[in-house]
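Each residue of the sequence shown is one higher than the one before, counting from 16 in the working numbering. No residue lacks a Cβ here, since even glycine has one placed at the ideal position from N, Cα and C. Just so it is clear, the structure is predicted and the values come from calculations on it, not from any experiment. Worksheet: the structure to be examined is printed underneath.
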Amino acid sequence: MTEHLYALIMAGGGGTRLWPLSRQNRPKQSLPLVGEHSMF
């Protein structure tokens with residue numbers, strides 16, 4: 016069985032490129048960027 020694991024590093028900055036999705040009460044790490052689930 017082959018499974019792919021992808022890594023995405025979201026570090027630093029104010030998240031202005033992801034605004035209005037990323038806000039102070041919803042940081043970048045909690046956004047569902049791929050699919051329905053967040054990174055944690």
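{"Asked": "C-beta atoms of residue 46 and residue 33 nearer than 8 Å", "Found": "yes"}
{"Asked": "Nearest-angstrom Cβ-Cβ length linking residue 53 and residue 39, presumed shorter than 8 Å", "Found": "The Cβ separation is near 16 Å, so there is no contact."}
{"Asked": "Opposing strand residues paired with residue 38 [DSSP bridges]", "Found": "41"}
{"Asked": "Option in 18, 42, 35, 50 with minimal Cα separation from residue 27", "Found": "42"}
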